[in-house]
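A.B. asks: Each step along the sequence shown adds one to the number in the working numbering, with nothing skipped, and position 75 is 75.
Even for Gly, the Cβ is constructed at its ideal location relative to N, Cα and C.
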Amino acid sequence: FVGQCGLITQTVDEQEVLEIGYHLLPDYWGKGYATEAARFFRQYAFSRKLADRLVSIIHIDNVPSQRVAERNGMRRGRQTDFRGIPVFIYHTEDPSIPTTR
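1. Verify whether the separation of the beta carbon atoms of R42 and N72 is less than 9 Å.
2. Would you decide whether S56 is buried or exposed? Buried here means 16 or more other CB atoms lie within 10 Å of its CB.
3. Roughly how many angstroms lie between the CA atoms of G3 and V17, to the nearest whole one?
4. What separation, rounded to the nearest whole angstrom, lies between the Cα atoms of E93 and E19?
5. Give, in chain order, every unbroken run of the alpha helix (DSSP H) that is at least 4 residues long and sits entirely within the region 53–83.
6. Could you please give the first and the last residue of the uninterrupted beta strand (DSSP E) stretch that includes E14?
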């Protein structure tokens, strides 16, 4: 067992979002596994039109997980509390959907 990664519906600030979540055992940190798995689930979710937007909910002190999210094309958004824990909401939008400005 290395860890886990997947898609899960979460409620953040009273709004439902689809999260790419990942957790690896310490022996497997720094080997690129989390980034590879997170990229897979980003592509999977968008190619199957599961959501227009994906998030990763990451503790404000968890810099390695923040870097995984950034390598997965996510941008750091707002800081909030999630289940009593201070987190950043990283997010990305489906690139196949045109943006309006």
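C.D. replies: Taking the structure as given:
1. Taking the sequence shown and counting its residues from 1, one reaches residue 42 at position 42. Taking the sequence shown and counting its residues from 1, one reaches residue 72 at position 72. Taking 9 Å as the Cβ cut-off, R42 and N72 qualify as a contacting pair.
2. If you number the sequence shown from 1, residue 56 lands on position 56. A buried status is given to S56, since no fewer than 16 other beta-carbon atoms sit within 10 Å of its beta-carbon.
3. The residue given as residue 3 occupies position 3 in the sequence shown. The residue given as residue 17 occupies position 17 in the sequence shown. Approximately 22 Å, taken between the alpha carbons.
4. The residue you call residue 93 lines up with position 93 of the sequence shown. The residue you call residue 19 lines up with position 19 of the sequence shown. Going by C-alpha positions, E93 is about 12 Å away from E19.
5. For secondary structure counted as the alpha helix (DSSP H) over 4 or more consecutive residues, the region 53–83 holds these complete runs in sequence order: 63–71.
6. Walking along the sequence shown from the start, residue 14 turns up at place 14. It is not in any beta strand (DSSP E) - E14 carries neither H nor E in the DSSP assignment.
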